[in-house]
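Asks: Numbering (numbering that gives the first Met the number 0), first residue to last: 0 to 228. Glycine is no exception: its CB is placed at the ideal position from the N, C-alpha and C atoms. As the structure is a prediction and not an experimental result, all values here were calculated from the model.
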Amino acid sequence: MYLANIYRWMLHYQRCKARFKLLVRMFHTSLDVEQYYGDKGVNKWNSEYWEKDIKEHDVLVITPQILLDALWKAFLSLELVSLMIIDECHHATGNHPYTEIIKNNKPKIFGMTALPIVSKGALSNNDCEDQISELENVMDCMMETYVPTAKESCRFFDPTRFCSSGLKAMIEASWLKMDASLSTLQGSIQASYTDMDDKFKALHKRSSNDHAKILHCLDDLGLICAYEV
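In structure tokens, the structure reads:
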């Protein structure tokens with residue numbers, strides 16, 4: 000049950016403003032949610048602005064650097080936090096703002112990440128274990144993995160066939176007509192240009208391959224793919 004004056008904070012590893020705002024809209028609850036990032040000018044707020052704003056909202060979605068700056072200036076205190084949710088928590092290493100925020104204070108933390116390691120620094124299983132151990136130590140937490148159980152259902156369908164023998168016959172007739180025209184053209188200019196044989200052979204091969212691809216698409220992929228070919 001929600002208690003007045005108990006705040007939930009969510010630290011979001013901001014990649015873009017659009018994603019940040021999307022995250023805020025995902026809170027489909029009766030709680031009052033507000034977002035805090037640099038473009039809003041919150042880095043210029045004083046203690047009075049912060050005190051007034053956090054009293055008006057239940058959930059604060061905030062970038063780590065904004066929160067860290069407010070803590071350093073004593074505008075905010077982690078004693079206000081009942082639960083801190085950290086997005087992309089695997090960044091809590093080294094001198095990242097995540098690390099600076101929680102290294103001296105241990106509020107209740109729920110960290111979320113799809114990959115609990117910094118992949119560019121993991122060269123072996125031991126490296127992965129070391130990074131996970133470091134993350135657990137920094138956040139004073141235990142790593143847990145959630146894997147939903149999928150309910151598999153197999154359905155089999157007969158392959159669809161494009162039934163248009165008339166269209167295939169027209170394509171076949173067009174290709175034969177074009178091939179005959181190429182042969183006639185080759186014979187008419189062969190006496191004048193002795194180096195044309197290789198070019199006509201390449202042209203015959205290309206037209207034959209295109210014809211085969213079109214028929215394959217009609218049989219196996221459909222009319223649209225045949226049109227694209």
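Put I5 into one of helix, strand or coil per three-state DSSP.
Replies: At I5, the pLDDT of 39 sits below 50, so the modelled position is not reliable and the matter cannot be decided from this model.
Asks: What do you reckon, are the CB atoms on K176 and L217 nearer than 8 angstroms?
Replies: no
Asks: Among H90, D68 and V60, which one has its Cα closest to the Cα of L82?
Replies: V60
Asks: How many Å lie between D38 and T62 at the Cα?
Replies: 11 angstroms
Asks: Output the distance between the C-alpha atoms of D86 and G93, rounded to the nearest integer angstrom.
Replies: 17 angstroms
Asks: Please go through the same chain and pick out, in chain order, the residues whose beta-carbon is closer than 6 angstroms to the beta-carbon of L77, but skip the five residues on each side of it.
Replies: N104 and P106
Asks: Provide the residue span of the beta strand (DSSP E) that contains G110, from first to last.
Replies: I108 to M111
Asks: Please name the residue, chosen from K43, V58 and E227, that lies closest to D68 on a Cα-to-Cα basis.
Replies: K43
Asks: In the DSSP output, what is E33 paired with across the bridge?
Replies: L59
Asks: Could you give the C-beta distance for V137 and I84, rounded to a whole number, given that I count them as a contact under 8 angstroms?
Replies: Not quite, the Cβ-Cβ distance comes to about 16 angstroms (not below 8 angstroms), so this is no contact.
Asks: Please report the distance separating the alpha-carbon of G110 from that of C88.
Replies: 5 angstroms
Asks: Pair every Cβ in the stretch 198-207 with every Cβ in the stretch 177-188, then say whether three or more of these pairs are closer than 8 angstroms.
Replies: yes
Asks: Mind pulling the beta strand (DSSP E) runs of 3 or more residues that sit fully within the stretch 46-96?
Replies: 58-61 and 80-86
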